[in-house]
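Have a look at the structure below before the remarks.
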DNA sequence: TCATCTTTGACTAATATTGACTATTATTAT
DNA sequence: ATAATAATAGTCAATATTAGTCAAAGATGA
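Protein chains in written order, with full-length UniProt numbering: chain A, 1 to 155; chain B, 1 to 155.
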């Protein structure tokens with residue numbers, strides 16, 4: 001069975017709320033208490049699993065009544081979101097982040113399963129197989145952005 | 001039945017699980033302990049006996065709660081057609097020839113129109129955008145071959 | 001004997017967890 | 001009003017927990 005680490009469990013918990021709601025708003029310390037982890041682990045979960053590449057927007061506020069708010073967005077439906085995503089990718093993207101983008105497109109029904117998998121193959125580290133990691137990441141960025149722009153015109 | 005080395009035994013063990021289940025998920029160190037071998041031997045077994053040519057997909061994650069997951073997939077009937085194409089492509093292909101390959105896959109109903117277009121975006125010269133033409137051609141070859149290998153099975 | 005396959009372990013890479021310290025915002029006291 | 005304090009969230013680096021790579025050494029078999 002998968003999901004042995006607590007970060008995955010927290011991720012699933014938050015996503016289960018987002019399955020029914022437009023957004024979720026939490027108090028960091030409450031979630032940390034709920035899962036018996038230090039508060040900064042919540043930041044870790046958000047930073048690794050609720051990025052724009054994953055199709056989420058996050059905002060927060062400190063101080064009394066502070067909160068963290070996570071919102072699910074569609075990457076290509078909204079031209080602004082797509083522009084932001086392309087800008088964030090810039091000229092380099094890791095395999096992990098690129099997977100997140102493709103996964104989001106699949107979840108948004110922009111790509112079907114087979115299309116998503118074809119793209120994942122094309123951007124996989126072992127496919128690109130270049131010695132230089134930064135070249136690998138920049139190639140991947142160009143491929144992903146090329147595909148995003150193709151999808152934009154298509155829709 | 002002679003000469004049962006430990007790699008063969010581990011292979012059989014994993015395959016016996018896969019006989020009843022769609023996939024098997026292990027912790028590398030646990031299996032290594034179980035058979036009294038060093039952890040990297042598990043990688044050796046996987047690399048030599050659970051290849052895509054044999055119909056297995058492998059994925060893994062490091063860090064806390066890490067795992068190795070092996071999945072049995074169904075290989076398609078006309079895999080030898082793909083093999084032939086892969087051989088012809090070799091380690092380098094021009095944009096012109098690659099377009100012809102994708103076109104013929106489309107005409108043979110291996111790919112639909114949308115899939116073909118996504119692939120063309122990924123292998124286009126302007127997408128790859130590398131100064132060195134021979135690098136460009138070898139990247140294109142790896143991407144197409146990766147996709148052809150993916151088409152060997154249904155997931 | 002030679003080539004190939006297996007076994008081993010040192011080193012590397014990726015991911016997760018923790019906590020000390022910092023930054024921001026709200027509330028309370030003067 | 002302003003300053004002090006409380007109540008949040010953010011950052012970052014150290015450590016822990018996995019898996020991956022690679023090459024050397026050992027075993028096997030033609």
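Don't be surprised by glycine CBs; every beta carbon is placed ideally from N, CA and C.
Taking the straight line between their C-alpha atoms, what separation do you get for residue i and residue j?
| i | j | result |
| --- | --- | --- |
| residue 15/B | residue 37/B | 18 Å |
| residue 69/B | residue 70/A | 31 Å |
| residue 132/A | residue 21/A | 43 Å |
| residue 87/A | residue 118/A | 24 Å |
| residue 83/A | residue 35/B | 52 Å |
| residue 104/A | residue 48/A | 14 Å |
| residue 120/A | residue 99/A | 7 Å |
| residue 124/A | residue 145/B | 12 Å |
| residue 89/B | residue 76/B | 20 Å |
| residue 13/B | residue 13/A | 35 Å |
| residue 106/B | residue 44/A | 44 Å |
| residue 64/A | residue 80/A | 32 Å |
| residue 7/B | residue 85/B | 33 Å |
| residue 130/B | residue 130/A | 12 Å |
| residue 11/A | residue 11/B | 34 Å |
Would you check if the distance between the CB atom of residue i and the CB atom of residue j is smaller than 8 Å?
| i | j | result |
| --- | --- | --- |
| residue 31/B | residue 42/B | yes |
| residue 154/B | residue 73/B | yes |
| residue 115/A | residue 113/B | no |
By the 10 Å Cβ neighbour count, where 16 or more other Cβ atoms means buried, how is residue i classified, buried or exposed?
| i | result |
| --- | --- |
| residue 53/A | buried |
| residue 143/B | buried |
| residue 97/A | buried |
| residue 140/B | buried |
| residue 134/A | exposed |
| residue 33/B | exposed |
| residue 40/B | exposed |
| residue 126/A | exposed |
| residue 51/A | buried |
When you compare each of the options to residue i by their alpha carbons, which one comes out closest?
| i | options | result |
| --- | --- | --- |
| residue 25/A | 6/A, 56/A and 4/A | 56/A |
| residue 66/A | 85/A, 28/A, 48/A and 126/A | 28/A |
| residue 111/A | 82/A, 130/A, 151/A and 145/A | 151/A |
| residue 9/B | 117/B, 21/B and 46/B | 46/B |
| residue 19/A | 35/A, 63/A, 7/A and 108/A | 108/A |
| residue 23/B | 80/B, 58/B and 120/B | 58/B |
| residue 147/A | 88/B, 99/B and 122/B | 122/B |
| residue 137/B | 62/B, 50/B, 61/B and 95/B | 95/B |
| residue 78/A | 100/A, 5/A, 4/A and 149/A | 149/A |
| residue 92/A | 128/B, 6/B, 4/B and 124/B | 128/B |
| residue 61/B | 130/A, 4/A and 126/A | 4/A |
Compute every distance between the C-beta of residue i and the non-hydrogen atoms of the ligand GDP, then say whether any falls below 7 Å.
| i | result |
| --- | --- |
| residue 20/B | Among the ligands in the structure shown, none appear at all, so the ligand GDP cannot be discussed. |
Give the residues from the UniProt domain "CtsR N-terminal HTH" (5 to 74) of chain A that approach chain B closer than 9 Å (Cβ to any Cβ), ordered along the chain. Taken in chain order, the members of the UniProt domain "CtsR N-terminal HTH" (5 to 74) of chain A whose beta-carbon sits within less than 9 Å of a beta-carbon on chain B are 5, 6, 7 and 8.
Selection of the stretch 115 to 136 of chain A by Cβ proximity to chain B, strictly under 9 Å: So the list reads 115, 117, 118, 119, 120, 121, 122, 123, 124, 126, 127, 128, 129, 130 and 135, given in the order they occur along the chain.
Against chain A: residues of the stretch 76 to 109 of chain B by CB proximity under 9 Å: Taking 9 Å as the Cβ-Cβ cut-off against chain A, none of the residues of the stretch 76 to 109 of chain B qualify.
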